[in-house]
Structure formats: C-alpha cells, structure tokens
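Asker: Take a look at the following structure, please.
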Amino acid sequence: MAKNIIELTDSNFEEEVLKSDKLVLVDFWAEWCAPCRMIAPIVEEIANEYSNKLKVGKLNVDYNPKTAMKYGIMSIPTLMLFQNGRVLEQIVGAMPKRNLLSRLEKYLQPV
C-alpha cells in the first residue's frame, strides 16, 4: 500500500473514515478486479497530490464484507467520498483521472 493510503477494514472503518476530521476518499476494490487495478495508480496520485485536504483509504471487499454490504457496494471499483460520517459522492467504475477529479474538486476547494 502506498504511503498516503490507509488500508481500511471492517474494524477500523469507523475510526479512520466516519470519525475523521478530513475528507476521506474510500476505494472499495478486490484483487481479482481488473478495473480496480486500472484505477489504483490514479487513486494513489490523488492521495499524494491532495494529502493536505484528503485522506485516502482502500477497502478490500472480499476481506471486509460487512462494510461493503453496509454501503451497498454491488460493483467495484466504487469510490466514496465521506465527510463527518456522511457520503458526499459515490463514483462507480473506472474512469480517467480528469473525470474523477471533476467529480471530487468541488469538495476539495478551500472554504
């Protein structure tokens, strides 16, 4: 796992995501998922470029079914942006970095 990306699990999800004081981007993925592997470098770039505004975590749905089920993850990759325990944005499927950032940028702007 890249240095700016947290490995999320059913047991640490509440503490790392729901109780975080930063925006949190969660990548729901699995090892066997080719589109998940395609967007992994993009998620890593976003984690590095926005580390001052955004916490990024990856949750393997095969090993953490409880959290995946709680958020209704039916297709992967699914990216969800959380703030104060609430989902602000949900993005399903692989897409180019510019498209992904266009969905996230409104939340990353200074207040």
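Numbering that gives the first Met the number 0 applies: residue 0 is where the sequence shown begins, and numbers increase by one. Cβ coordinates follow ideal geometry from the N, Cα and C atoms, glycine included. The structure presented is a predicted model; accordingly, all values stated were derived computationally and were not measured.
Quick check on MET37: does DSSP put it in helix, strand or coil?
Answerer: Of the three classes helix, strand and coil, the one that applies to MET37 here is helix, per DSSP.
Asker: What would DSSP say about ASN11, mapped onto helix, strand or coil?
Answerer: In the structure shown, ASN11 sits in coil (DSSP, three-state: anything other than H, G, I, E or B).
Asker: Please check the pair LYS65 and SER19, which I expect to be a contact at CB under 8 Å, by giving their CB distance rounded to whole angstroms.
Answerer: Between SER19 and LYS65 the Cβ distance is about 19 Å, and since that is not below 8 Å, they are no contact.
Asker: CYS32 to GLN108, Cα distance in whole Å?
Answerer: So the two alpha carbons sit approximately 31 Å from each other.
Asker: Please list, in chain order, all residues of the same chain as LEU17 whose beta carbon is under 8 Å from its beta carbon, the five residues on each side excluded.
Answerer: So the qualifying residues of the chain are PHE81 and GLY84.
Asker: Within a Cβ cutoff of 8 Å, which residues of the same chain sit near LEU7, ignoring the five residues on either side of it in sequence?
Answerer: Cβ neighbours of LEU7 beyond the five flanking positions: GLU15, VAL16, VAL25, GLY56, LYS57, LEU58, ASN63 and THR66.
Asker: Looking at the secondary structure, which residues open and close the beta strand (DSSP E) in which ASN59 lies?
Answerer: ASN59 -> beta strand (DSSP E) spans 53 to 59.
Asker: For PRO34, which option in VAL91, ARG97, GLU104 and LEU100 has the closest C-alpha, if you only look at C-alpha atoms?
Answerer: Nearest option by C-alpha distance: VAL91.
Asker: Taking buried to mean at least 16 other C-beta atoms within 10 Å of its own C-beta, is MET73 buried or exposed?
Answerer: Exposed, because fewer than 16 other Cβ atoms sit within 10 Å of the Cβ of MET73.
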